[in-house]
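Chemist:
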Amino acid sequence: MVVVDVKLSAEDMQTLFDALPDVVFFVKDRAGRYTHANLTLVRRLRLKRRDEVVGRSVAELFPSALGSSYAAQDRRVLAGESIENQLEVHLLPSRAPGWCLTCKYPHRQRGEVCGVIGISRDLGHPDGRHPTYPRLARVMEHMQAHYGSNVRVSALAALAGISVAQLERHFRRVFQLTPQQALTKLRIEAAMRLLHGAGSVADIGLACGFNDQSAFARQFKATVGMTPREFRGLHG
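Residue numbering for the sequence shown follows my numbering, beginning at 991 and increasing consecutively.
1. Closest to residue 1112 by C-alpha separation, out of 1217, 1212, 1216 and 1015, would be which residue?
2. Mapping the DSSP letters down to three states, classify residue 1137 as helix, strand or coil.
3. What does the Cβ neighbour count give for residue 1169, buried or exposed, with the cut at 16 atoms within 10 Å?
4. When burial is assigned at 16 or more other CB atoms within 10 Å of the CB, is residue 1160 buried or exposed?
5. So is residue 1209 buried or exposed if we call it buried at 16+ other beta carbons inside 10 Å?
6. Have a look at 1215, 1069, 1049 and 1206 and flag the residue whose alpha-carbon is nearest the alpha-carbon of residue 1102.
7. What alpha helix (DSSP H) runs, 4 residues minimum, are completely inside the segment 1186-1214?
8. So for residue 1087, helix, strand or coil by DSSP?
9. Please report the Cβ distance between residue 1163 and residue 1117, rounded to the nearest whole angstrom; I am assuming they are in contact, meaning their Cβ atoms lie under 8 Å.
10. Which residues in the same chain have their Cβ closer than 7 Å to the Cβ of residue 1144, if we skip the five residues on either side of it in sequence?
11. Which residues in the same chain have their Cβ closer than 7 Å to the Cβ of residue 1180, if we skip the five residues on either side of it in sequence?
12. For residue 1107, which option in 1135, 1007 and 1215 has the closest C-alpha, if you only look at C-alpha atoms?
13. I want to know whether the segment 1145-1152 touches the segment 1124-1136 - three or more CB-CB distances under 8 Å.
14. Residues in the same chain with beta-carbon distance under 7 Å from residue 1235, minus the five sequence neighbours each way, listed in chain order, please.
15. Taking the straight line between their C-alpha atoms, what separation do you get for residue 1052 and residue 1212?
16. Do residue 1114 and residue 1012 have their C-beta atoms closer together than 9 Å?
17. To which residues does DSSP link residue 1174 through a beta bridge?
18. Extract the residue ranges of the alpha helix (DSSP H) inside the segment 1015-1052, only unbroken runs of 4 or more that lie entirely within it.
19. Using the Cβ count rule (16 or more neighbours within 10 Å means buried), how would you classify residue 1002?
20. Any idea what DSSP makes of residue 1010, helix, strand or coil?
21. So what does DSSP say about residue 1054, is it helix, strand or coil?
22. Taking residue 1127 as the reference, which of 1036, 1165 and 1104 has the closest Cα?
23. Quick check on residue 996: does DSSP put it in helix, strand or coil?
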């Protein structure tokens, strides 16, 4: 077997990711300015050219609440932390919210962190051909009916007739999410719907399965990029 050691530059990776309409690719410098961005990111920002993104920061390209959230995430990565499969809501070109999994890593040169490199991959459709899909579909239906209550992973595994480890593994394969991420997605989706109404933020959080308002606000901001109140103000 012949092993070929190929090292791709950021420009090469940008070209490759240009061909993937369901993946956002980016590289940023230590100041948080984009140095590379694939065409998917350009289009989702409703821009036409790559040079309209390169050299600018998230604060210049996104609404203030989202920009500050993304910048805080980048600072964690610049400090050496890796972010893997963070479930997030992003705005699609239609301005409708779209779910994705985000990965960000420190970009290093000669051992020193010089920026951030990352992707955000759109959440795809479930794999209905997987042999465990019927069992997992029952689990998902149960979560959809009971997301506002205390849902335990062990009870979900028992419902599917498999172990917790098997549930975690098969859920990732079929839904691209862990059971906990799927539950969070259901809760945040419900919260976003309810925040268009007149209910209080505290009541909405409780109705969606969060123990208290602070827990609701933390999870909502980690997922959506802004607090429930900011979301209501932006979309209200």
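Even for Gly, the Cβ is constructed at its ideal location relative to N, Cα and C.
Computed from a predicted structure; not experimentally measured.
Modeler: Taking the coordinates as given:
1. In the sequence shown, counting from the first residue as 1, residue 1112 sits at position 122. When each option's Cα is compared against that of residue 1112, the closest is 1015.
2. Mapped onto the sequence shown, residue 1137 falls at position 147. Residue 1137: coil per DSSP, three-state reduction.
3. The residue labelled residue 1169 in the question sits at position 179 within the sequence shown. It is buried - the Cβ of residue 1169 has at least 16 other Cβ atoms within 10 Å.
4. Taking the sequence shown and counting its residues from 1, one reaches residue 1160 at position 170. So residue 1160 ends up on the buried side.
5. Numbered from its first residue, the sequence shown carries residue 1209 at position 219. When all chains shown are included, residue 1209 counts as buried.
6. Translated into positions along the sequence shown, residue 1102 becomes position 112. Closest option to residue 1102, Cα to Cα, is 1069.
7. Those alpha helix (DSSP H) runs which fall completely within the segment 1186-1214 and span 4+ residues are 1191-1197 and 1203-1214.
8. Translated into the one-based positions of the sequence shown, residue 1087 becomes position 97. In the structure shown, residue 1087 sits in a strand (DSSP, three-state: E or B).
9. Working through the sequence shown from its first residue, we reach residue 1163 at position 173. Working through the sequence shown from its first residue, we reach residue 1117 at position 127. Right, the Cβ-Cβ distance comes to about 7 Å (below 8 Å), so this counts as a contact.
10. As a first step, residue 1144 is located in the sequence shown; it is residue number 154 there, counting from the start. So the qualifying residues of the chain are 1154.
11. Taking the sequence shown and counting its residues from 1, the one referred to as residue 1180 is at position 190. For residue 1180, the CB contacts under 7 Å within the same chain, skipping 5 residues up- and downstream, are 1137 and 1198 in chain order.
12. Here residue 1107 refers to the residue found at position 117 when the sequence shown is read from its first residue. Ranking 1135, 1007 and 1215 by Cα distance to residue 1107 puts 1007 first.
13. yes
14. Look at the range of the chain in this structure, 991 to 1226, and you will see that residue 1235 is not part of it.
15. Here residue 1052 is taken as the residue at index 62 of the sequence shown, counted from 1. Here residue 1212 is taken as the residue at index 222 of the sequence shown, counted from 1. Looking at the two C-alpha atoms, the distance is approximately 16 Å.
16. Looking up residue 1114 in the sequence shown gives position 124. Looking up residue 1012 in the sequence shown gives position 22. Going by C-beta atoms, residue 1114 is nearer than 9 Å to residue 1012.
17. Along the sequence shown, read from residue 1 onward, the residue named residue 1174 stands at position 184. For residue 1174, which the question treats as bridged, DSSP gives no partner whatsoever.
18. 1029-1034 and 1048-1051
19. Reading the sequence shown from its first residue, position 12 is the one you call residue 1002. Result: exposed.
20. On the sequence shown, position 20 is the one that residue 1010 refers to. Three-state result, residue 1010: coil.
21. Counted from its first residue, the sequence shown places residue 1054 at position 64. Correct three-state label for residue 1054: helix.
22. Indexing the sequence shown from 1 puts residue 1127 at position 137. When only C-alpha atoms are compared, the closest one is 1165.
23. Sequence index remark: in the sequence shown, residue 996 carries index 6 (1-based). Coil.
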